[in-house]
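Student:
In full-length UniProt numbering, the protein residues as written are 1 to 443.
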């Protein structure tokens, strides 16, 4: 067994009164212990579990000519705690560059997370704005309360872009224990793959930063009981500092590109970084307001979940059969050329174009963000007549877009009523995918 490298679980220098040491209690909070209520996992096991995901999502083994299944990771208690990565086999790889970048990336996440967890969240609790629905008389006993949750297990070194979202669903922490195992990232990964990205590098485009590092139920982002939007401004320092840390992974005059998703994340990005991204629709800009002296390409687009909502959301006349995850399209969306289907098909085209922009700008971050996005829309079958964008009936991309509607519209949770949460969260797409890809790959 060969030791490849080790990193300290420590704060950034000069960030916490001069001490970089993270106490065991603080680490327990930063790693949301226990991830699954009642689970017996130790802190060391939990830290190693999430860092193992980072190694996998970063493509560490492949980049160093190693077999991923021979890697092992252990967390060793101490002052500071350390992460040690071993390899079971002969190894001549030099991992120092990765170690240095990984040390910086993990320390940044833990430092900015500690500010959010130990300063911002207590202030919300004191003000009574932390998880207000949990204190309402109509709150059901099955409600899962808010929990602090950082973007653990994601790429820290080799990421190609940053995704700016609203907040993480609690099922990513208490259920799948993987930021990227969920219908939203699964759908986006498929759009990236359709545009030419190979499966073993998809996660490199998915370095996620959530506006609020809070694991919460789906209806906490919007709807009558939503509490997350009211606290987003409180996390503005976390949003600013952690995004800068993720973008600083590369050197030079330009940073990695950013995609901001949805009606909550896009306005928050504008507020924190004083930009003018469109808050209704799509649009791309280049700004020097994220990191002074460096250019950042940013795209505003819809939330990937919106497709599911528009394609499958329950029919008030038949709520038992139509809901997100039911495995079938709404009746109106199933009708060829209907207004409902055309609306959903246009969402599919917009999202395909946004994924294509993400790929193109990751390959050339210095490109003209707006011009690249216009080209991506045209490449994905979207045309403009006057001020209106649409997918013409004779678009050569129409067969691909129709397949995307049918495939993603078949999202199904076959065991969603199972009392075993692990079973209930299993999902699939019931419509087969014929391995159809964009005729002009983005990569």
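The beta-carbon is built from N, C-alpha and C at its ideal position, and this holds for glycine as well.
State the Cα-Cα distance for the pair residue 450 and residue 265, rounded to the nearest angstrom.
Tutor: The question about residue 450 has no answer here: the residues shown for the chain are numbered 1 through 443.
Student: If the criterion is Cβ atoms closer than 8 Å, does the pair residue 279 and residue 263 meet it?
Tutor: Position 279 of the chain shown, counting from 1, holds the residue named residue 279. Position 263 of the chain shown, counting from 1, holds the residue named residue 263. It is a contact, given that the beta carbons lie within the stated cut-off.
Student: Would you list the one or two residues that DSSP bridges to residue 303?
Tutor: Taking the first residue of the chain shown as 1, we reach residue 303 at position 303. Per DSSP, none; premise fails for residue 303.
Student: Please determine if the region 334-352 and the region 379-393 are in contact, where contact requires at least 3 C-beta pairs separated by less than 8 Å.
Tutor: yes
Student: Going by other Cβ atoms of all chains shown within 10 Å of its Cβ, with 16 needed for buried, is residue 321 buried or exposed?
Tutor: Counting from 1 along the chain shown, the entry for residue 321 is found at position 321. Exposed, because fewer than 16 other Cβ atoms sit within 10 Å of the Cβ of residue 321.
Student: Would you call the region 411-426 and the region 359-369 touching, i.e. three or more CB-CB distances under 8 Å?
Tutor: no
Student: Keeping to the same chain, check which residues put their C-beta closer than 7 Å to that of residue 230; ignore five residues upstream and five downstream.
Tutor: The count along the chain shown starts at 1 and reaches residue 230 at position 230. Once the five neighbours on either side are set aside, the close Cβ partners of residue 230 are 129.
Student: Residue 441: which of 198, 283, 147 sits nearest, CA to CA?
Tutor: The residue you call residue 441 lines up with position 441 of the chain shown. The residue with the shortest Cα to Cα distance from residue 441 is 198.
Student: Here's a check: name, in chain order, each residue in its chain whose Cβ is nearer than 8 Å to the Cβ of residue 330, leaving out the five neighbours to either side.
Tutor: One-based indexing of the chain shown puts residue 330 at position 330. Excluding positions up to five away in sequence, the list reads 311, 312, 313, 315, 322, 340.
Student: Considering only the alpha carbon of each residue, which of 110, 97, 96 lies closest to residue 81?
Tutor: On the chain shown, residue 81 is found 81 positions in, with the first residue counted as 1. Checked all of 110, 97, 96; the closest Cα to residue 81 is 110.
Student: On the DSSP letters alone, give me the boundaries of the beta strand (DSSP E) that residue 385 sits inside.
Tutor: Here residue 385 refers to the residue found at position 385 when the chain shown is read from its first residue. 383-385 is the extent of the beta strand (DSSP E) around residue 385.
Student: Are the region 110-126 and the region 166-180 in contact at 8 Å, needing three or more beta carbon pairs?
Tutor: no
Student: Looking at the secondary structure, which residues open and close the beta strand (DSSP E) in which residue 210 lies?
Tutor: As a position in the chain shown, residue 210 is number 210, starting the count at 1. It spans 207-210 - the beta strand (DSSP E) in which residue 210 sits, taken as one unbroken run.
Student: In the region 353-420, which residue ranges form an unbroken alpha helix (DSSP H) of at least 4 residues, counting only runs that do not cross its ends?
Tutor: 369-379, 398-408
Student: Tell me which residues share the same chain as residue 252 and place their Cβ nearer than 8 Å to its Cβ, disregarding the 5 neighbours each side in the sequence.
Tutor: Within the chain shown, numbered from 1, the residue matching residue 252 stands at position 252. Here the set comprises 294.
Student: To which residues of the same chain is residue 497 closer than 6 Å at the C-beta, ignoring the five residues directly before and after it?
Tutor: The chain is shown from 1 up to 443; residue 497 falls before or after that span and cannot be answered.
Student: In whole angstroms, what separates the C-alpha of residue 24 from that of residue 385?
Tutor: Residue numbering aside, residue 24 sits at position 24 when the chain shown is read from its first letter. Residue numbering aside, residue 385 sits at position 385 when the chain shown is read from its first letter. Rounded to the nearest angstrom, the two C-alpha atoms are 60 Å apart.
Student: Which first and last residues belong to the alpha helix (DSSP H) in which residue 449 is found?
Tutor: This structure cannot speak to residue 449, because the chain is shown only from 1 to 443.
Student: If I measure Cβ to Cβ from residue 7 and keep anything under 8 Å in the same chain, skipping five residues before and after, which residues do I get?
Tutor: As a working note, residue 7 is residue 7 in the chain shown. Hits under 8 Å: 82, 83, 99, 102, 103, 106.
Student: With contact counted as at least three CB pairs below 8 Å, one residue from each stretch, are the region 44-58 and the region 192-209 in contact?
Tutor: yes
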